[in-house]
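S.K.:
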Amino acid sequence: MMFSFPCLLPAEVGSPPAYDVVIRGGRVVDGTGAPAFCADVGIRRQRVAAVGKSLGTGRQELDATGCVVAPGFIDVHTHGEGIEKLPLAENFVRQGVTTIILGNCGESAPDIGAFFRRLEKNHICPNVASLVGHGTIREQAMGGSFNRPPTDTEMQRMRELVHRAMKAGALGLSTGLIYQPSCYATTNELVQIARVVAGYDGIYTSHMRSESEEIIAALEEVFRIAREAGIRCEVSHIKLSGQNNWGRALEVLAAIESARRQGLDITQDQYFYTASSTTLSQLVPMWAQEGGNEACQRRVAYSGQRKRTVEEMKAALQRRRQEDYGWVRIASCNMDPSLNGLALPDAARKRSGRDDLDTQIALVLEIHAAGGAAAVFHGISEDDLQVFLRHPNTMAGSDSGVREFGKDVPHPRGYGNHVRLLARYVRELEVLRLEEAV
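According to the numbering used here, numbering within the sequence shown proceeds without interruption in unit steps and concludes at 438.
Spelled out as structure tokens, the structure:
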């Protein structure tokens, strides 16, 4: 991959070309962290065959003078299952990403083997690998009843589903422990399933139970799973959410480093924005969501339970030191697409002519009952982001799906995460050297 447009040169006439493509005279950053160096890159049968000075001819030659040449980037944390409908995955490829890891945050294709076979037939553009999602297999094994431990039969079924996924080529197990149904899983349940993955030398990745006040306790759960299952672990999209938690990045990293000194293999990934993105329903207390949207709608229709829901939502705002939901912006709302791009107070005003907090909460509950919406949440400290970024075990993950250009108002990380790393944090702010970033 090159960071600017090279010139196409004619191949020499005479002996057969040694390579299919030769990229000449670029500044090579090879991804090992070694200093950049000037060299040619020879490609044969779609693979790098040689890197060095004055390579032989290629059928196609590219003049990379003044450009940086680097390996294609790996996005270790995506939600790109929609690649079947958008096989070019242009929002990834256009920013230099050539490999995407799917199946994060506990949600994956239900049959990894069948999914891979379909992708092979569809001639997708990037390389693809996938984790198996804990939420996906829990739903398959337990049906619609989640707020309970699995039976022995259900646990065995989950283990069998993970065995099948790992044999089909899954990289490991992911969890999304703030989402249903995974939020109801005990640590012991996760350890038992992770042991299956460890038998294949797989990895456990976790959207933890907390990225705010209880983040240290959430990390301790990851460490316990790593220890008891004997498995490598990845902390997904590491961050500290909410102003009341800003400034704790060094504390979080100290906990991870302590676990590593004890022999645990713990790493983390990150996207490079001070806003996160997930479902708007995360503003609704988890107990109110049990049973799905219709059950939630019936539940909050009762005055006592609605009062409890509203009180807990207001208390959560107070903990975040926020007066209202001005920090939340709707990204994709099927109920009313005209709300896309609006902050919640503006959306409430558009829907009802009022923007007080009770009206905002009522809109959140209305949208949840209608099927939910994706939203962008502004609540991450730039200083903490840079502390996490500087850590040598932090990897780049956009936490994005495959995007259709011009549709909705999604988080920009899906189009610019890796580019932002290079432009803002290497070139502009010099937080990392180019070689470290690549």
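Using N, Cα and C, we set each Cβ at its ideal position, and we do this for glycine too.
Figure out for me which residue from Arg159, Ala423, Ile231, Gly414 has the closest Cα to the Cα of valine 76.
M.R.: Nearest C-alpha to valine 76: Gly414.
S.K.: Is it true that the CB of phenylalanine 388 sits closer than 8 Å to the CB of alanine 249?
M.R.: Going by C-beta atoms, alanine 249 is nearer than 8 Å to phenylalanine 388.
S.K.: Given a cut-off of 8 Å on the beta-carbon distance, is the pair asparagine 417 and arginine 319 in contact?
M.R.: No, the pair does not count as a contact, with Cβ atoms beyond the cut-off.
S.K.: Can you look up tyrosine 204 in the DSSP assignment and give me helix, strand or coil?
M.R.: In the structure shown, tyrosine 204 sits in a strand (DSSP, three-state: E or B).
S.K.: Tell me whether the beta-carbon of glycine 31 lies closer than 8 Å to the beta-carbon of aspartate 40.
M.R.: Cβ atoms of glycine 31 and aspartate 40: not closer than 8 Å.
S.K.: Per DSSP, alanine 375 is paired with what?
M.R.: DSSP, once it has assigned bridges, lists Thr278, Ile330 as partnering alanine 375.
S.K.: So within the segment 20-99, which uninterrupted beta strand (DSSP E) runs reach at least 3 residues, ignoring any that extend past its ends?
M.R.: Complete beta strand (DSSP E) runs here, min 3: 37-44, 47-52, 58-63, 73-75.
S.K.: State the start and end residues of the unbroken alpha helix (DSSP H) segment that holds threonine 267.
M.R.: Segment 266-270 is the beta strand (DSSP E) holding threonine 267; no alpha helix (DSSP H) there.
S.K.: My understanding is that methionine 158 touches proline 150, with C-beta atoms under 8 Å, so please give their C-beta distance in whole angstroms.
M.R.: Yes, they are in contact, since the Cβ atoms of methionine 158 and proline 150 sit about 7 Å apart, within 8 Å.
S.K.: Report the three-state DSSP secondary structure of arginine 433 (helix, strand or coil).
M.R.: It is coil, neither helix nor strand.
S.K.: Measure from the alpha carbon of valine 284 to the alpha carbon of each residue in Leu62, Leu363, Leu434, Ser276, then state which is nearest.
M.R.: The candidate whose alpha carbon is nearest that of valine 284 is Leu363.
S.K.: Which residues does DSSP list as the beta-bridge partners of methionine 395?
M.R.: DSSP, once it has assigned bridges, lists Asp269 as partnering methionine 395.
S.K.: Report back the beta-carbon spacing between asparagine 127 and threonine 98 to the nearest angstrom; my notes put them in contact at under 8 Å.
M.R.: About 6 Å; that satisfies the 8 Å criterion.
S.K.: Could you work out which residue in Ala229, Val68, Ser15 is closest to valine 29 when comparing CA atoms only?
M.R.: It is Val68 whose Cα lies nearest to the Cα of valine 29.
S.K.: In or out: aspartate 356 buried (at least 16 other Cβ within 10 Å) or exposed?
M.R.: Flag for aspartate 356 reads exposed.
S.K.: Ordered along the chain, which non-local residues of its own chain (more than five positions away) have a Cβ less than 6 Å from that of glutamate 60?
M.R.: Reading off the sequence, residue 60 comes out as glutamine, not glutamate. Hits under 6 Å: Val21.
S.K.: Which first and last residues belong to the alpha helix (DSSP H) in which arginine 157 is found?
M.R.: 152-167 is the span of the alpha helix (DSSP H), which, as asked, contains arginine 157.
S.K.: Taking only three categories from DSSP, how would you classify glycine 304?
M.R.: Of the three classes helix, strand and coil, the one that applies to glycine 304 here is helix, per DSSP.
S.K.: Taking the alpha helix (DSSP H) that serine 210 belongs to, which residues open and close that run?
M.R.: That residue, serine 210, is in no alpha helix (DSSP H); it is neither H nor E in DSSP.
S.K.: State the CB to CB distance for the pair valine 431 and arginine 390, rounded to an integer number of angstroms; the pair is presumed to be in contact (CB under 8 Å).
M.R.: Between arginine 390 and valine 431 the Cβ distance is about 6 Å, and since that is below 8 Å, they are a contact.
S.K.: If we ignore side chains and look at the alpha-carbon of each, how far apart do arginine 209 and threonine 175 end up?
M.R.: For arginine 209 and threonine 175, the distance between alpha carbons rounds to 9 Å.
S.K.: Who are the near neighbours of aspartate 346 in its chain, counting only those whose CB is closer than 8 Å to its CB and skipping five residues on each side?
M.R.: Once the five neighbours on either side are set aside, the close Cβ partners of aspartate 346 are Asp355.
S.K.: Less than 8 Å separating the beta-carbons of leucine 253 and tryptophan 246?
M.R.: No, they are not a contact pair.
S.K.: Residues in the same chain with beta-carbon distance under 6 Å from serine 182, minus the five sequence neighbours each way, listed in chain order, please.
M.R.: Contacts found: Gly106, His134, Gly135, Thr175, Gly176.
S.K.: Could you pull out every residue in the same chain whose Cβ sits closer than 6 Å to the Cβ of arginine 232, ignoring the five residues on either side in sequence?
M.R.: Here the set comprises Ile203, Asp265.
S.K.: For glutamate 312, I'd like the list of residues in its chain whose CB is within less than 7 Å of its CB, leaving aside the five on either flank, ordered along the chain.
M.R.: Within the same chain, glutamate 312 has close Cβ partners Pro285.
S.K.: By the three-class DSSP mapping on this structure, what secondary structure does glutamate 404 have?
M.R.: DSSP places glutamate 404 in coil when its eight states are reduced to three.
S.K.: Pick from Gln268, Leu317, Arg329, Leu280: whose alpha carbon is nearest that of proline 395?
M.R.: It is methionine, not proline, that sits at residue 395 in the sequence shown. Residue Gln268 is the option with its Cα nearest to methionine 395.
S.K.: Rank Val197, Tyr273, Tyr184, Asn188 by C-alpha distance to the C-alpha of proline 412 and give the top, closest one.
M.R.: For proline 412, the nearest C-alpha among the options comes from Tyr273.
S.K.: Would you decide whether serine 303 is buried or exposed? Buried here means 16 or more other CB atoms lie within 10 Å of its CB.
M.R.: Label assigned to serine 303: exposed.
S.K.: Of the choices Arg433, Ser400, Gln289, whose alpha-carbon is the least far from that of isoleucine 101?
M.R.: Minimum Cα distance to isoleucine 101 is reached at Ser400.
S.K.: Quick check on this structure: which residue in Ile256, Trp287, Glu90, Ala168 has the alpha carbon closest to the alpha carbon of tyrosine 200?
M.R.: Among Ile256, Trp287, Glu90, Ala168, the Cα nearest to that of tyrosine 200 belongs to Ala168.
S.K.: Quick check: the Cα distance between glutamate 139 and proline 17, rounded to an integer number of angstroms?
M.R.: For glutamate 139 and proline 17, the distance between alpha carbons rounds to 55 Å.
S.K.: So, with DSSP's three-state summary, where would you put serine 381?
M.R.: Reduced to three states, the DSSP call for serine 381 is coil.
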